[in-house]
Amino acid sequence: MTTIALTGGIASGKTTISNRLRELGAMIIDADEIAREIVRPGQKTLKLLVERFGDGILAPSGELDRKALADIVFNDDDALAALNDITHPEIRRITQERIDARLADEPDTIFVHDIPLLAENRSNYDYDEIWVADAPAELRLQRLMDDRGMTREEAQARIDAQVSDEERRMIADVVIDTTRPIPETQLQIDEMFARLRAGKFADADEVSYDTAPITIPPEERTSED
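Note that the sequence shown covers residues 63 to 287 in our numbering.
1) Would you tell me roughly how many angstroms separate the C-alpha atoms of Ala217 and Ser74, rounded to the nearest one?
2) Any chance you could list the alpha helix (DSSP H) runs of at least 4 consecutive residues sitting entirely within the stretch 89 to 146, in chain order?
3) Can you round the beta-carbon distance between Ile66 and His175 to whole angstroms, since I take them to be within the 8 Å contact cut?
4) Where does Glu191 sit, in a helix, a strand or coil, going by DSSP?
5) Can you find at least 3 beta carbon pairs, one from the stretch 86 to 102 and one from the stretch 232 to 249, that sit closer than 8 Å?
6) Taking contact to mean 3 or more Cβ pairs, one atom from each stretch, closer than 8 Å, check whether the stretch 113 to 132 and the stretch 159 to 168 are in contact.
7) Assign Leu179 to one of three DSSP states: helix, strand, or coil.
8) Mapping DSSP to helix, strand and coil, what is Thr77?
9) What does DSSP give as the partner residues of Phe173 in its beta bridges?
10) Mapping the DSSP letters down to three states, classify Asp162 as helix, strand or coil.
11) Let's see if you can read the secondary structure: which residues bound the alpha helix (DSSP H) around Ile72?
12) Report the CB separation of Thr240 from Ala195 in whole angstroms; it is logged as a contact under 8 Å.
13) How about Ile177 and Ile79: do their beta carbons lie closer than 8 Å?
14) With DSSP collapsed to three states, give me the class of Asp235.
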């Protein structure tokens, strides 16, 4: 079993990377996706969140109102800690269940943990490698405005709320440049995946990356996650 942590700032191209890795045979463990599953109506975790934060976090449909919850925990460390205390144990439990099930059938699986806030959480990095999706802040700003309809101020606030690109690179074993057209980005991924299949791990001292601002036409861009 090989484990990779995939991270990157907002609009850095993580989705393109994870999609390609899935095509190559890796199993993607998306913590955000699991987090959405455990707060569906009727789930125990949603009930615990309502007990802690009140009915105001529910939409009329009974589903979680994510914006209402985000408004509560934003800039409130105690509320954020409470949210994490409720959700993280269940996310870890489900993650381990899925890993165990896959290993029973395919013990040589490469697992990719998609963790957007890996650097922010300053976790114990218990992975064989950490991969960082990398794109200059100005390009990510442009992606957020063009593809998510954000104003420049909204997009900049989202970027500023995360750690810097330099801090992410500091924890990286591999940095994947997502400023280039999709075929070139996929080639980087294919080469890294083939290396892992051969049982070779990256030397972090040899990692290189391109930090020059580059504007890629929308039809040629990688995914913006």
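Glycine included, each C-beta is placed from N, C-alpha and C at the ideal position.
Fair warning: this is a prediction, and the values are worked out from it, not measured in the lab.
To lay it out plainly:
1) Taking the first residue of the sequence shown as position 1, residue 217 is located at position 155. Taking the first residue of the sequence shown as position 1, residue 74 is located at position 12. Approximately 13 Å between the Cα atoms of the pair.
2) Within the stretch 89 to 146, the complete alpha helix (DSSP H) runs of at least 4 residues are 93 to 99, 106 to 115 and 128 to 135.
3) Numbered from its first residue, the sequence shown carries residue 66 at position 4. Numbered from its first residue, the sequence shown carries residue 175 at position 113. Between Ile66 and His175 a beta carbon distance of about 7 Å is seen, short of the 8 Å cut, so the two are scored as contacting.
4) Working through the sequence shown from its first residue, we reach residue 191 at position 129. Assignment of Glu191 by DSSP, reduced to helix, strand and coil, places it in the strand class.
5) With the cut-off at 8 Å, the stretch 86 to 102 and the stretch 232 to 249 do not touch.
6) Taking 8 Å as the limit for Cβ pairs, the verdict is that the stretch 159 to 168 does not touch the stretch 113 to 132.
7) By 1-based counting over the sequence shown, the position of residue 179 is 117. In the structure shown, Leu179 sits in coil (DSSP, three-state: anything other than H, G, I, E or B).
8) Walking along the sequence shown from the start, residue 77 turns up at place 15. Residue state for Thr77 is assigned as helix, using DSSP reduced to three classes.
9) As a position in the sequence shown, residue 173 is number 111, starting the count at 1. Phe173 is bridged by DSSP to Thr65 and Met89.
10) For the purposes of this step, residue 162 is identified with residue 100 of the sequence shown, where counting begins at 1. Asp162 carries a helical assignment under DSSP once its states are collapsed to helix, strand and coil.
11) What you label residue 72 is simply residue 10 of the sequence shown in a count that begins at 1. For Ile72, there is no enclosing alpha helix (DSSP H), as DSSP marks it with neither H nor E.
12) Here residue 240 refers to the residue found at position 178 of the sequence shown. Here residue 195 refers to the residue found at position 133 of the sequence shown. Distance from Thr240 to Ala195 at the Cβ level is roughly 5 Å; contact confirmed, criterion being Cβ atoms closer than 8 Å.
13) Translated into positions along the sequence shown, residue 177 becomes position 115. Translated into positions along the sequence shown, residue 79 becomes position 17. No, the pair does not count as a contact, with Cβ atoms beyond the cut-off.
14) Within the sequence shown, numbered from 1, the residue matching residue 235 stands at position 173. Looking at Asp235 - three-state DSSP - the assignment turns out to be coil, as it is neither helix nor strand.
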